[in-house]
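To start, the structure itself, in structure tokens.
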Ligand SMILES: Nc1ncnc2c1ncn2[C@@H]1O[C@H](COP(=O)(O)OP(=O)(O)OP(=O)(O)O)[C@@H](O)[C@H]1O
Ligand SMILES: [Mg+2]
């Protein structure tokens, strides 16, 4: 794209400086965001000979060390988004909270963006997302918009307690959620989630027997591949570990995969998407949420699948053929490494962890630790879930992030 190349030559305040554009350049991927998801995508893209430009809030972000270039700026700054787009062939994102109107403006300028602004707009508001999915016949927890504390009380009376009050936007790791056990909990939760000035909605509490998640990669023409179904375990609403295969009958596994593919198609997704579902005691499924991006429940695919969620994402956004999602081992377990305190943090225990046979340690290069912050993960493959679990948990237990 000559216009983009010309713009790349003109771009000036990039981290590694500008360089002359070659006539036949490597494929160039732009990523809005520079956290661990962008970092692992950049690694996959680099393997395929791509150059990667990331839009980072600051130069210490995890993907900056691995990107070809970094644009430093705010993801809500239209000029910075345009500056990123000007340097690449295709733009993607690692975080669904970029303003969909800014993304639509990029598309109007001729930028190739996957997933599209329309798709991100539908997914980033959980209430809209669930409405779109429900309209396509995808089962979700019963939900409704609430505009006042009185409407929450009425929803509780009608749907029953507990009730989950959720922020429509910007929630992650359970931070936008509050579980209400009775009407007495409404006031504090409404205040905590900013109900007075934000948009909230409620969901019926789902007494699930397990949480499962699956990655779908959908290409630009609507064909998709789907990964094996995982079982995810949350602690304090944060993903603690992911186990594959999930303990499901083959027909149920196929049902989850079909539902997930249908959900990603319903929002017109392109790229790798994470799909979280609740498995109910009667065997039915309810879709909890979609993420229009690579997802924590798919980190295991780096070592455990023929083609990882990250590589397939890169393939999808460039319009290249998608790779096989087949497992390369009977079982795999991924355990997140979460921070336990706030402050500077230096990885400790790496040698001890690496002494455990057949584990794969991923450290995201974050210099600051915070309680619950995702600092890295450990994956182990095995003949059984139990053998992989034992090694992955031992590896995670050996690793920590010390205050200096
Ligand atoms: N309706 C519900 N019924 C029962 N549990 C729920 C419900 N909604 C959410 N949860 C629990 O809270 C967790 C986090 O909720 P949700 O996925 O909506 O939040 P999130 O902030 O987007 O989280 P994440 O970033 O970890 O995906 C879920 O994985 C589940 O364990
Ligand atoms: Mg979730």
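Numbering (this note's numbering), first residue to last: 1 to 404.
Here a beta-carbon is modelled for each residue, glycine too, at the ideal position from N, C-alpha and C.
Identify, in the order they occur along the chain, each residue of the same chain with its Cβ nearer than 7 Å to the Cβ of residue i, setting aside the five sequence neighbours on each side.
i	result
residue 394	356
residue 125	168, 169
residue 315	321, 322, 323
residue 200	146, 165, 166, 167, 168, 193
residue 133	140, 263, 266, 287
residue 123	96, 129, 267, 290, 292
residue 102	76, 78, 81
Provide the residue span of the beta strand (DSSP E) that contains residue i, from first to last.
i	result
residue 340	Where residue 340 is concerned, there is no enclosing beta strand (DSSP E), given that its DSSP letter is neither H nor E.
residue 288	285 to 291
residue 27	Per DSSP, residue 27 belongs to no beta strand (DSSP E) and is neither H nor E.
residue 347	346 to 348
residue 177	177 to 180
residue 166	163 to 167
residue 379	374 to 382
residue 327	First-last for residue 327: undefined, no H or E at that position.
residue 143	143 to 146
residue 202	200 to 204
residue 361	359 to 363
Is residue i buried or exposed, if buried means 16 or more other CB atoms sit within 10 Å of its CB?
i	result
residue 401	buried
residue 274	buried
residue 175	exposed
residue 289	buried
residue 191	exposed
residue 157	exposed
residue 14	At residue 14, the pLDDT of 42 sits below 50, so the modelled position is not reliable; the number obtained from the coordinates is stated separately. Buried, since its Cβ has 16 or more Cβ neighbours within 10 Å.
residue 362	buried
residue 115	buried
residue 396	buried
residue 74	exposed
residue 250	exposed
residue 391	buried
residue 299	buried
residue 108	exposed
residue 22	Note that residue 22 scores a pLDDT of 49, beneath 50, so its modelled location is shaky and nothing firm can be said.
residue 313	buried
residue 235	exposed
residue 67	buried
residue 184	exposed
On a Cα-Cα basis, can you pick out the residue from the options that is closest to residue i?
i	options	result
residue 399	385, 359, 383, 388	359
residue 403	219, 342, 327, 379	342
residue 389	62, 365, 330	330
residue 368	347, 281, 47	347
residue 383	199, 106, 333	333
residue 307	396, 90, 147, 47	47
residue 375	313, 193, 339, 29	339
residue 204	180, 41, 105	180
residue 143	118, 218, 107, 131	131
residue 285	256, 85, 43	256
residue 90	270, 362, 377, 294	270
residue 381	328, 349, 354	328
residue 171	198, 152, 187	198
residue 296	239, 318, 349	239
residue 37	110, 377, 396, 80	377
residue 365	40, 24, 31, 30	40
residue 119	188, 98, 301	98
residue 310	29, 44, 160, 335	44
residue 104	88, 93, 121	121
Could you name the residues of the same chain whose beta carbon sits closer than 6 Å to that of residue i, not counting the 5 residues immediately before and after it, in chain order?
i	result
residue 34	54, 56, 61, 63, 64
residue 136	266
residue 95	33
residue 281	209
residue 228	244, 245, 327
residue 220	270, 319
residue 353	361, 395, 398, 399
residue 7	Residue placement at residue 7 is flagged as unreliable, the pLDDT there being 41, under the threshold of 50; the coordinate-derived value follows with that caveat. Result list for residue 7: 86, in chain order.
residue 224	216, 218, 261
Can you name, in chain order, every residue of its own chain whose Cβ lies under 8 Å from the Cβ of residue i, other than the five neighbours on each side?
i	result
residue 26	49, 50, 51
residue 138	259, 262, 263, 266, 287
residue 283	252
residue 248	212, 229, 256, 279
Mind checking which residues open and close the alpha helix (DSSP H) that includes residue i?
i	result
residue 390	385 to 398
residue 129	126 to 135
residue 299	No alpha helix (DSSP H) holds residue 299; DSSP gives it neither H nor E.
residue 186	186 to 192
residue 406	As displayed, the chain neither begins before 1 nor continues past 404, which places residue 406 out of reach and without an answer.
residue 246	Premise fails: residue 246 is in no alpha helix (DSSP H) and is neither H nor E.
residue 138	Element bounds for residue 138: n/a, residue is neither H nor E.
residue 154	149 to 159
Write down every uninterrupted run of the beta strand (DSSP E) in the stretch 32 to 102 whose length is 3 residues or greater and which is fully enclosed by it, in chain order.
Listed in chain order, they are 51 to 56, 69 to 72, 90 to 93.
Fully enclosed by the stretch 206 to 243, which beta strand (DSSP E) runs are 3 residues long or longer?
Listed in chain order, the beta strand (DSSP E) elements of length 3 or more contained wholly in the stretch 206 to 243 are 210 to 218, 224 to 226, 230 to 235.
Scan the stretch 252 to 279 and note each continuous beta strand (DSSP E) run of 3 residues or more that stays entirely inside, going in chain order.
Listed in chain order, the complete beta strand (DSSP E) runs (minimum 3 residues) inside the stretch 252 to 279 are 271 to 279.
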